[in-house]
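What follows is a single structure, written as structure tokens, with notes after it.
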Amino acid sequence: MTPLTALLVRDMRIAVRVGGGALIGVLFFVVVVTLTPFAVGPDLALLKRIGPAILWLAALLASLLALDRLFASDHEDGSLDLILTGRAPLELVIAAKGLAHWLSTAVPLIVAAPLIGLLLDIEPPAQAGLVLTLLVGTPALTFIGAVGAAIAVTLRRGGLLLAVIVLPLTVPVLIFGVAAANVAAGPVPFGTPFTVLCALTLASLVIGPFAAAAALRLDIE
Amino acid sequence: MRVNAVNLTCRRGGREVFAGVSFQLARGEALAVTGRNGAGKSSLLRIIAGFIRLAGGRLWLEGGDPELSIAEQAHYLGHLDAVKPSLSVAENLSFWTAFFGADAHKVQDALEMVGLGAIAALPAAYLSAGQRRRLSIARLLAVKRPIWLLDEPASTLDAAGRGRLTDFMQSHLVGGGLILAATHGALGLSGAQELSLDRPAHARTAETQHPAEAAP
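So the sequences go chain by chain: A and B.
With positions in the first sequence counted from 1, the corresponding number in my numbering is that position plus 2.
With positions in the second sequence counted from 1, the corresponding number in my numbering is that position plus 455.
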């Protein structure tokens, strides 16, 4: 096993075991979406209109939930020091950890999205669009969040700071994700916002690991 | 392979922790770093491991793999044991051997050597502080790296554990390894140099420990 696959496997294992937080994200997502009809009322037309936006917001919050542990747990138990003495570049280590985080928290959420979308009267064609935008857009959330997680790594209760740092940066992803998911309702063609969403994700995949590695190296001192 | 340090200076939070620290360490040699609390023993090891930036002086490696930094050829054993409670004892060690690119089949041997072979499948959450330290030490045995940076390696070990640790260090030195250890007590290694961070700056160079002047 190469160093990076070993890290990926370890992080996935920890995520699905007791206290790992992989399933907490999905449960949180489901609960937030389920609460919406209670708050908005039984107006199906309204729910259908705001449905994709609600699902995207819930996905954004759920992906933030476990993100503060991305580097903090490794920092607290000394694993991060040892990772730095490894021969794998820190940028790739962060990419592997980000991928493990995305696989264990975002993928279950994407699987749950079409089912929970039924509660908001989202119809099959719109569901497909929604799943596709979540699939493409959530890696951007993870990798933008990784930068925040790296900055907040040495702080107790860093999760609060993390949310304040990360949420404003996710605005473009939210705008284009929801715009693409809303395609059935809106006049904009699907391709335009979806391509921008893809671009945002690709950019964050490239910039995120480098920015997070720079922040981590400063934090370790 | 030789680690050279000349006039190292360490600054933490704007305060100078130590200055003028020099030593040379060649294959088969050990250096015991001593000093009062806060003298900078851990900081010195963290500087050598590359976690803290050097505020002054020079640190370089002669010989060894020129493509790799000192940290990439070193094992760092700090106060924290880097043990994940939700993974089993063997899974913890297997991860580090794979991450450091060593053979997986050494895992069980290393666990036997530190006396954890019988509980390899136990979740690490149930380990005591001393057992966690033994698990960390097993990492040094499973993955071969020439430089060992040990920060109070014996602090939580029992007498038997200390004895084993001394044996491991001794055989590492015989195999051509280098050991830098921060310690309060005696290392138990014959011929180890001692570097005291308490002495005035001009006298802070490593010297061979003679039985007469060794710390009681």
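Every residue gets a Cβ at the ideal spot worked out from N, C-alpha and C, and that includes glycine.
Ala579/B and Arg89/A have their C-alpha atoms spaced approximately 26 Å apart. Contacts with chain A at 9 Å (Cβ-Cβ) include His530/B. In the DSSP assignment, the residues bridged to Leu532/B are Leu605/B. Val208/A is the residue among Gly131/A, Ile52/A, Pro191/A and Val208/A whose C-alpha sits nearest the C-alpha of Thr144/A.
With the rule of 3 Cβ pairs closer than 8 Å, the region 158-175 of chain A does not count as touching the region 82-96 of chain A. Less than 9 Å separates the beta-carbon of Thr638/B from that of Leu605/B.
In this model, Asp613/B and Ser497/B are separated by some 22 Å (Cα to Cα).
Using a Cβ-Cβ cut-off of 9 Å, Gly533/B counts as an interface residue toward chain A, since at least one Cβ of chain A sits closer than that to its own.
Around Gly22/A, the beta-carbon contacts reaching into chain B at under 7 Å are Ser541. Separation of Pro521/B and Leu92/A (C-alpha to C-alpha, rounded to the nearest whole angstrom) is 20 Å. Counting along the chain, Ala152/A sits inside the alpha helix (DSSP H) bounded by residues Pro126 to Ile153. By the criterion of a C-beta distance shorter than 8 Å, Ala609/B is surrounded in its chain by Gly616, Arg617, Leu620, Thr638 and Gly640, once the five residues flanking it on both sides are discounted.
Of all residues in the region 71-87 of chain A, only Asp79, Gly80, Ser81, Asp83, Leu84, Leu86 and Thr87 place a beta-carbon less than 7 Å from a beta-carbon of chain B. Neighbours of Ile16/A in chain B, taken as residues at a C-beta separation under 8 Å, are given in chain order as Lys539, Ser541 and Leu542. Across the set Val32/A, Val20/A and Ala108/A, the C-alpha of Val32/A shows the shortest separation from the C-alpha of Leu122/A.
Neighbours of Arg508/B in chain A, taken as residues whose beta carbon is under 7 Å from its own, are Glu223 in chain order. DSSP, reduced to helix, strand and coil, places Ile634/B within a strand of the structure shown. In chain order, Ala575, Ala576, Leu577, Pro578 and Ala579 place their CB closer than 8 Å to the CB of Ser543/B, counting only its own chain and leaving out the 5 sequence neighbours on each side.
In the DSSP annotation of this structure, the continuous segment of the beta strand (DSSP E) that includes Thr489/B starts and ends at Ala485 to Thr489.
Around the Cβ of Ser645/B, a 10 Å sphere holds fewer than 16 other Cβ atoms; the residue is exposed. Gly483/B is positioned such that its CB atom lies no closer than 9 Å to that of Leu650/B. Under the three-state reduction of DSSP output, Ala510/B falls in the coil class, being neither helix nor strand.
Per DSSP, reduced to three states, the secondary structure at Leu69/A is coil, with no helix or strand assignment.
At a cut-off of 9 Å between C-beta atoms, Leu9/A counts as an interface residue with respect to chain B.
Per DSSP, reduced to three states, the secondary structure at Gly43/A is coil, with no helix or strand assignment. In this structure, Pro54/A sits near Thr135/A, with a CB-CB distance shorter than 9 Å.
With its beta carbon at least 9 Å from every one in chain B, Pro127/A lies outside the interface. Against Asp536/B, the close residues of chain A are Asp79 and Gly80, in the order they occur along the chain (beta-carbon pairs closer than 9 Å). If the five residues before and after Ala97/A are omitted, its C-beta is found closer than 7 Å to the C-beta atoms of Pro211, all from its own chain and listed in chain order. DSSP lists Val488/B as the beta-bridge partner residues of Leu650/B. Residues Ala24, Leu25, Gly27 and Val28 of the same chain have their beta carbon placed closer than 8 Å to that of Pro110/A, with the five preceding and five following residues left out of the count.
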